[in-house]
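J.: Let me give you the structure first, and then I'll get to my questions.
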Amino acid sequence: MIRHFLNTQDLSRAELDALLDEAARLKQSPLGRDLEGRTIALLFFNPSMRTRSSFEIGAWQLGAHAVVLAPGKDAWGIEFEPNAVMDGDAEEHVAEVAQVLSRYCDLIGVRAFPKFRDWAYDREDKVLKAFAQHSRVPVINLETITHPCQELAHALTLREKFGKDLRGKKYLLTWTWHPKPLNTAVANSALTIATRLGMEVTLLCPNPDYLLDERYLDIAKQNVGEAGGSFRITHDIEDGYRGADVVYAKSWGALPYFGAWEGEAPMRAMLKHFIVDEDKMALTNNGLFSHCLPLRRNIKATDGVMDAPYCVAVDEAENRLHVQKAVMKQLIHWKSGAQA
Amino acid sequence: MIRHFLNTQDLSRAELDALLDEAARLKQSPLGRDLEGRTIALLFFNPSMRTRSSFEIGAWQLGAHAVVLAPGKDAWGIEFEPNAVMDGDAEEHVAEVAQVLSRYCDLIGVRAFPKFRDWAYDREDKVLKAFAQHSRVPVINLETITHPCQELAHALTLREKFGKDLRGKKYLLTWTWHPKPLNTAVANSALTIATRLGMEVTLLCPNPDYLLDERYLDIAKQNVGEAGGSFRITHDIEDGYRGADVVYAKSWGALPYFGAWEGEAPMRAMLKHFIVDEDKMALTNNGLFSHCLPLRRNIKATDGVMDAPYCVAVDEAENRLHVQKAVMKQLIHWKSGAQA
Amino acid sequence: MIRHFLNTQDLSRAELDALLDEAARLKQSPLGRDLEGRTIALLFFNPSMRTRSSFEIGAWQLGAHAVVLAPGKDAWGIEFEPNAVMDGDAEEHVAEVAQVLSRYCDLIGVRAFPKFRDWAYDREDKVLKAFAQHSRVPVINLETITHPCQELAHALTLREKFGKDLRGKKYLLTWTWHPKPLNTAVANSALTIATRLGMEVTLLCPNPDYLLDERYLDIAKQNVGEAGGSFRITHDIEDGYRGADVVYAKSWGALPYFGAWEGEAPMRAMLKHFIVDEDKMALTNNGLFSHCLPLRRNIKATDGVMDAPYCVAVDEAENRLHVQKAVMKQLIHWKSGAQA
Chain A
1090 MIRHFLNTQD
1100 LSRAELDALL
1110 DEAARLKQSP
1120 LGRDLEGRTI
1130 ALLFFNPSMR
1140 TRSSFEIGAW
1150 QLGAHAVVLA
1160 PGKDAWGIEF
1170 EPNAVMDGDA
1180 EEHVAEVAQV
1190 LSRYCDLIGV
1200 RAFPKFRDWA
1210 YDREDKVLKA
1220 FAQHSRVPVI
1230 NLETITHPCQ
1240 ELAHALTLRE
1250 KFGKDLRGKK
1260 YLLTWTWHPK
1270 PLNTAVANSA
1280 LTIATRLGME
1290 VTLLCPNPDY
1300 LLDERYLDIA
1310 KQNVGEAGGS
1320 FRITHDIEDG
1330 YRGADVVYAK
1340 SWGALPYFGA
1350 WEGEAPMRAM
1360 LKHFIVDEDK
1370 MALTNNGLFS
1380 HCLPLRRNIK
1390 ATDGVMDAPY
1400 CVAVDEAENR
1410 LHVQKAVMKQ
1420 LIHWKSGAQA
Chain B
1090 MIRHFLNTQD
1100 LSRAELDALL
1110 DEAARLKQSP
1120 LGRDLEGRTI
1130 ALLFFNPSMR
1140 TRSSFEIGAW
1150 QLGAHAVVLA
1160 PGKDAWGIEF
1170 EPNAVMDGDA
1180 EEHVAEVAQV
1190 LSRYCDLIGV
1200 RAFPKFRDWA
1210 YDREDKVLKA
1220 FAQHSRVPVI
1230 NLETITHPCQ
1240 ELAHALTLRE
1250 KFGKDLRGKK
1260 YLLTWTWHPK
1270 PLNTAVANSA
1280 LTIATRLGME
1290 VTLLCPNPDY
1300 LLDERYLDIA
1310 KQNVGEAGGS
1320 FRITHDIEDG
1330 YRGADVVYAK
1340 SWGALPYFGA
1350 WEGEAPMRAM
1360 LKHFIVDEDK
1370 MALTNNGLFS
1380 HCLPLRRNIK
1390 ATDGVMDAPY
1400 CVAVDEAENR
1410 LHVQKAVMKQ
1420 LIHWKSGAQA
Chain C
1090 MIRHFLNTQD
1100 LSRAELDALL
1110 DEAARLKQSP
1120 LGRDLEGRTI
1130 ALLFFNPSMR
1140 TRSSFEIGAW
1150 QLGAHAVVLA
1160 PGKDAWGIEF
1170 EPNAVMDGDA
1180 EEHVAEVAQV
1190 LSRYCDLIGV
1200 RAFPKFRDWA
1210 YDREDKVLKA
1220 FAQHSRVPVI
1230 NLETITHPCQ
1240 ELAHALTLRE
1250 KFGKDLRGKK
1260 YLLTWTWHPK
1270 PLNTAVANSA
1280 LTIATRLGME
1290 VTLLCPNPDY
1300 LLDERYLDIA
1310 KQNVGEAGGS
1320 FRITHDIEDG
1330 YRGADVVYAK
1340 SWGALPYFGA
1350 WEGEAPMRAM
1360 LKHFIVDEDK
1370 MALTNNGLFS
1380 HCLPLRRNIK
1390 ATDGVMDAPY
1400 CVAVDEAENR
1410 LHVQKAVMKQ
1420 LIHWKSGAQA
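Pasting the structure below:
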């Protein structure tokens, strides 16, 4: 059976640590031939700067070649529902796309954000799962409703700053202001990886409407059960920031308002004070700040925070390159069956 | 004089066979340095998934590099009429585009579908011919009003299933339902290559409005004269399918309605029963099914057909990679004058 | 301090000559490993055919890899104003984009045309300068309000035709007709490089509204002071062409009408006779003709001129490849500090 890279929860803790170790090694020695002659298809249903650049360059630095496709734009639109009578816009079915790309490529990466119309639908992650189902080669999640590559980059960055053992560190995931309702993927992912690594995790969001999907709250609790640490929720900004070693910020849309965003707008408009600023950071334990990027300055975080020495968002973005190379290597390795 | 790859009819039968032999060899041994240091420009005036991926990867697997351009989108719009006073949208003339790319690249690939407004115009294949005229390097047809790369992939697939000698095989090219009037290119090409290879060829289409351009009917007849086999037309579905060894499906717009599609719509709406389904396939001689892809499932062919063991569409798509590598190699070889 | 390639005026004459010498050498020997393992990000805010192809291929021919990004299209929209409250369309700030790409890449190329709404704003070249400010790696101007890569290609072409010493050559930069008001970048650049190389330079434009920005007129005068040669302006076509050794054509919008183009339109409509045609070329000293491309035939120059043996526009386009390879090599070399 093919092992994909869809979510970090699919990895054992040992596998997770091994990926991070290998990423650290690749950061020291970026050029190699580990993926000599290999190819990866990168399918983007949404824009990308870091993901696309870092995968394309990472593949190339190890001797592989990335093909970048934008279905519905430069490539044909794709249908994902099984048994669909395809009389709409889509010109081909994921069954064929995934199978054909499996003939051309050794790996397939997929970025597919939610449609933001119906969370009950989006939370099924159908695009990613359909590729995983029909592909004959490993599939990599380039951000759908989670962002596991970002998780690894985030984890590597924290390991670089605090050492490998992150247990006991106070970790704040804070909702932050943004004019538009965004994907919860990075928030789901942050919660997942922070609890996985045994930290003392607080989720700060304005009110219960901004809670993440129960699936990810459950994962957080489950991870705490296994890794130690803790997980709590607060709606009090000062309570959230006080004593934090790490502040990770993300904005997202309130799940109850998916597909009816006009109802969320008045509430959202009152929440600009959730911006990460220097006053809030002063409440922390000389905490680090990070964000997955892209980030709107002076909306999600102030210039003062972004330009502070404690901001490691650019380091985390760099680490995307290193962790993804480790992921590609590992998936090829598993596929080759060298690890039986 | 430069030899291009515009249509398979420009190749001798021996050359055609040699390309297929080389493609089969490259399929066994995909990596090489035959195109070391070479570059190919791939110009897409229309979307592509397979063509773009397979050319880009194929070039790379042989040591070359492909540059992908979308004139009118990421690159400047191009004028194709000689002596045009260029006060419209186009910013440059194919004369310059082709000459400049000839300085940068060893090969130029061009995808340019018909405009679907006037078949008398489209049938002249002016974009492709203009590139061939102005280019100083070999030009490859990536699908215009024919699709010779698909022909080679199709032929290689049939050879893999039936052996090199395809004479005597009953070959059905069937029109199939689709909500939109599509390009006749693959149908023209299927007729061309199937008759070229000496098969017993039937063209099944709903009525005489759906006949292909006389040029391709004439090529079919000419090929029959040279290769043996036969060519006939039917509008009777059962008659078409009965005893077929190969069913190749394609939908296309009726030529008399080019540019006035609203007139075709009522007729087309009555033709949904041309879908390739398991009942029809049951009439064949345990026939293979194939299609060039993209394919709308449950419109052009049912899930049952697409998922059947006799469906070789994905194999054919894979073979695009191998045949195109053979084409690139051959064109470079001819250009180098090694074959005097 | 990082040395960028923003404008040729930032180079000493010796550096400029060395780049052209190296470009000539690379033209003879195009393949190498000088940029082995290096990467360049190419950011296009505007379309490109030559720039994108030649940089991507040039990098590849020397062992490097180019990543092509289109911010606002396949990548996120970017904010350039310092301290902006980013509640508009842009999803991230150039500070992060430039820093992150500096982690992934060894070089960053930027194409960013003026907005054509306010020349007082556009002339500040803020996009390019912002990248240069925030990048930790050398930045290359791929055309903003100047086009230094084109300058080098132009210079190399003239050296190939006339020899290295261009002093005394009569050089005409002529405005030419075009239905739309275009960027002045290539005109600014032509004036800059032609005076830099000590030629006898004439700027021919229809009337004082079409004069270039004072900054570039001043650079021209300053260059004359240093390199010898001369610089004059004329509005008389015959006066401009007579005896010219080189005719370089470009169309551009009249600066006083930036953002109010409807006012320029009636004046522009009377200027079609500025087209470069064979009659005008007959006034020259068997002069060469060139243009940066893209060029609208029979609008900016006639077919007769474009197809004449004296037209070296395609040679100049080819030389983009060679000079840009020299630029990339030099920037990496400077960055490596090998030249202390």
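Residue numbers (the numbering used here), protein chains in the order written: chain A, 1090 to 1429; chain B, 1090 to 1429; chain C, 1090 to 1429. Virtual Cβ for every residue (Gly too), placed ideally from N, Cα, C.
1) Taking only runs of the beta strand (DSSP E) that begin and end inside the stretch 1304-1332 of chain C, which ones reach a length of at least 3 residues, in chain order?
2) Which residues share a DSSP beta bridge with residue 1379/A?
3) Just to confirm my understanding: we take residue 1393/C, look at its own chain, exclude 5 residues before and 5 after, and list those with CB closer than 6 Å. What are they?
4) Between the C-alpha atoms of residue 1317/B and residue 1184/B, what's the straight-line distance to the nearest angstrom?
5) So is residue 1394/A in contact with chain B if we call contact Cβ pairs under 7 Å?
6) According to a CB-to-CB cut-off of less than 8 Å, which residues of the stretch 1365-1388 of chain C neighbour chain B?
7) So what does DSSP say about residue 1255/A, is it helix, strand or coil?
8) Do we get a CB-CB distance below 7 Å when we pair residue 1114/A with the residues of chain B?
9) What do you get for residue 1278/A, buried or exposed, if any count of 16 or more other CB atoms within 10 angstroms of its CB means buried?
10) Select from 1172/A, 1249/A and 1390/A the residue whose C-alpha is nearest the C-alpha of residue 1219/A.
11) Residues of chain A with CB under 9 Å from residue 1172/C, in chain order?
12) Can you name, in chain order, every residue of its own chain whose Cβ lies under 6 Å from the Cβ of residue 1152/B, other than the five neighbours on each side?
13) To the nearest angstrom, how far is the alpha carbon of residue 1350/A from that of residue 1308/B?
14) Do you know whose CA, among 1335/A, 1193/A and 1357/A, lies nearest residue 1373/A's CA?
15) Let me check one thing: in DSSP terms, what residues is residue 1160/A bridge-paired to?
16) Would you kindly work out how many angstroms separate the C-alpha atoms of residue 1429/C and residue 1422/C, rounded to a whole number?
17) If you follow the beta strand (DSSP E) that residue 1291/A is part of, which residue opens it and which one closes it?
18) What are the start and end residues of the beta strand (DSSP E) that includes residue 1408/A?
19) What residue does the beta strand (DSSP E) around residue 1128/B start on, and which one ends it?
20) Would you kindly report the start and end of the unbroken alpha helix (DSSP H) that includes residue 1230/A?
21) Are there three or more Cβ pairs, one per stretch, closer than 8 Å when the stretch 1322-1329 of chain B is compared with the stretch 1237-1247 of chain B?
22) Rounded C-beta distance between residue 1388/B and residue 1364/B? I'm assuming under 8 Å.
23) Pick out whichever of 1180/C, 1272/C, 1192/C and 1226/C has its Cα sitting closest to the Cα of residue 1214/C.
24) If we define contact as Cβ-Cβ less than 7 Å, is residue 1189/C a contact residue for chain A?
25) Quick check: what's the CA-CA separation for residue 1280/B versus residue 1339/C?
26) According to DSSP, is residue 1236/A helix, strand or coil?
27) Taking Cβ to Cβ, would you say residue 1410/C is nearer than 7 Å to residue 1143/C?
28) Three or more beta-carbon pairs under 8 Å between the stretch 1221-1232 of chain A and the stretch 1394-1403 of chain A, yes or no?
29) Taking Cβ-Cβ distances below 7 Å as the criterion, which residues of the stretch 1139-1165 of chain C are in contact with chain A?
30) Roughly how many angstroms lie between the CA atoms of residue 1355/A and residue 1346/A, to the nearest whole one?
31) Quick one: Cα of residue 1379/B to Cα of residue 1260/B, how far?
32) Taking the beta strand (DSSP E) that residue 1196/A falls in, what are its first and last residues?
33) Based on DSSP bridge pairs, tell me the residues matched to residue 1263/C.
34) Using only CA atoms, which one of 1201/A, 1127/A, 1291/A and 1241/A lies nearest to residue 1169/A?
35) Whose CA, out of 1333/B, 1342/B, 1361/B and 1241/B, lies closest to the CA of residue 1370/B?
36) In three-state terms, what does DSSP make of residue 1153/B?
T.: The answer reads as follows:
1) Whole beta strand (DSSP E) segments, 3+ residues: 1319-1323.
2) Answer is 1337/A, bridged to residue 1379/A.
3) The answer, listed in chain order, is 1367.
4) Approximately 41 Å, taken between the alpha carbons.
5) Closer than 7 Å: no.
6) For the stretch 1365-1388 of chain C, which is checked against every Cβ of chain B, the residues closer than 8 Å are 1382, 1383, 1384, 1385, 1386, 1387 and 1388.
7) In this structure, residue 1255/A counts as coil in the three-state DSSP scheme.
8) Under the Cβ criterion of 7 Å, residue 1114/A is not counted among the residues facing chain B.
9) A residue is called buried once 16 or more other Cβ atoms fall within 10 Å of its Cβ, and residue 1278/A is buried on that count.
10) Closest option to residue 1219/A, Cα to Cα, is 1172/A.
11) Neighbours of residue 1172/C on chain A, chain order: 1386, 1387 and 1392.
12) The residues are 1122, 1124 and 1125.
13) One alpha carbon belongs to residue 1350/A, the other to residue 1308/B, and they sit about 59 Å apart.
14) Nearest of 1335/A, 1193/A and 1357/A to residue 1373/A, Cα basis: 1335/A.
15) According to DSSP, which records beta bridges pairwise, residue 1160/A is partnered with 1164/A.
16) For residue 1429/C, the pLDDT reaches just 43, beneath the cut-off of 50, and the residue's location in the model is therefore unreliable, leaving the point undetermined.
17) First-last of the beta strand (DSSP E) with residue 1291/A: 1289-1293.
18) Counting along the chain, residue 1408/A falls outside any beta strand (DSSP E), though it belongs to the alpha helix (DSSP H) covering 1402-1424.
19) Looking at the DSSP string, the run of the beta strand (DSSP E) that includes residue 1128/B is 1128-1133.
20) From DSSP, residue 1230/A is part of no alpha helix (DSSP H) but of the beta strand (DSSP E) over 1228-1230.
21) Counting C-beta pairs with one atom in each stretch, the stretch 1322-1329 of chain B and the stretch 1237-1247 of chain B have fewer than three that are closer than 8 Å, which means they do not touch.
22) Contact holds; Cβ gap of about 7 Å.
23) Ranking 1180/C, 1272/C, 1192/C and 1226/C by Cα distance to residue 1214/C puts 1272/C first.
24) It does; some Cβ of chain A falls within 7 Å.
25) Residue 1280/B and residue 1339/C: Cα-Cα distance of roughly 49 Å.
26) Correct three-state label for residue 1236/A: coil.
27) Note that the C-beta distance between residue 1410/C and residue 1143/C is below 7 Å.
28) Contact between the stretch 1221-1232 of chain A and the stretch 1394-1403 of chain A is absent, with fewer than three C-beta pairs closer than 8 Å.
29) Within the stretch 1139-1165 of chain C, the qualifying residues are 1154, 1156, 1158, 1163, 1164 and 1165.
30) Here the alpha carbon of residue 1355/A sits roughly 12 Å from the alpha carbon of residue 1346/A.
31) So the alpha carbons of these two residues sit roughly 11 Å apart.
32) Start and end: 1196-1200.
33) Note: residue 1263/C is bridge-paired with 1293/C and 1338/C in the DSSP secondary-structure output.
34) Checking every option, the nearest Cα to that of residue 1169/A belongs to 1201/A.
35) Per the Cα distances, 1333/B.
36) DSSP places residue 1153/B in coil when its eight states are reduced to three.
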